[in-house]
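Chemist: My questions will all concern the structure given below.
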């Protein structure tokens, strides 16, 4: 895992933070199956603009199931499974990520309160139960397109993500 930060040591304001789980297909290859690449780029721009924040880049590919399993889940999605059912059909959890590391990383850089850039309530909960105050949830929408609309709708309807119907 890595912390990429700007201005944390020089600011008295609450930093804006993005927890970003590694997504090789989206971050590096620009996959349109997800919104990960655009979310990473948009969060980097927002943090740079504010001058006080961090990206916690978590090595938890495929919502924590790993790259190989994610590619198998993609194959199921190609034949009609949604992102949640594809994982479950492979006897894998819908989301296997552990956010306790995130709290530890923030504490290691002297941060105990954040404005969290996320649509995922599990990330908010993960920080809070591990001692980090989430002062504000900052909605984070980037990269929605026809190719990933079903994926995002599934996350909103079935996984509780705070994504507007038409974002």
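Residue numbers (the working numbering): 6 to 172. Glycine included, each C-beta is placed from N, C-alpha and C at the ideal position.
1) Any contact of the stretch 115–132 with the stretch 95–105, i.e. 3+ C-beta pairs under 8 angstroms?
2) Residue 137 by DSSP, collapsed to three states: which one?
3) Counting Cβ pairs, one atom from each stretch, are 3 or more of them under 8 angstroms apart for the stretch 108–127 and the stretch 72–86?
4) Roughly how many whole angstroms lie between the Cα atoms of residue 33 and residue 43?
5) Could you tell me if residue 40 is buried or exposed, where buried requires 16 or more neighbouring beta carbons within 10 angstroms of its beta carbon?
6) Please report how far the alpha carbon of residue 157 lies from the alpha carbon of residue 16, in whole angstroms.
7) Looking only at its chain, what residues have a beta carbon closer than 6 angstroms to the beta carbon of residue 164, apart from the 5 residues adjacent to it on each side?
8) Just to confirm before moving on: does the CB-CB distance between residue 11 and residue 56 stay below 8 angstroms?
9) Who are residue 121's beta bridge partners in DSSP?
10) Could you say which of 166, 149, 54 and 94 lies nearest to residue 35 if we only look at CA atoms?
11) Is the separation between the beta-carbon of residue 9 and that of residue 59 shorter than 8 angstroms?
12) Compare the C-alpha of residue 63 against each of 24, 166 and 143 and name the closest.
Modeler: In short:
1) A contact exists between the stretch 115–132 and the stretch 95–105.
2) Of the three classes helix, strand and coil, the one that applies to residue 137 here is coil, per DSSP.
3) The stretch 108–127 makes no contact with the stretch 72–86, as fewer than three CB pairs between them are under 8 angstroms.
4) Put simply, the backbone Cα of residue 33 is about 11 angstroms away from that of residue 43.
5) Answer is buried; the Cβ neighbour count reaches 16.
6) Those two C-alpha atoms are separated by around 34 angstroms.
7) Within the same chain, residue 164 has no close Cβ partners at all.
8) Contact: yes.
9) According to DSSP, which records beta bridges pairwise, residue 121 is partnered with 22 and 142.
10) Comparing Cα positions, the closest option is 149.
11) Going by beta carbons, residue 9 and residue 59 fall inside the 8 angstroms limit.
12) Nearest C-alpha to residue 63: 24.
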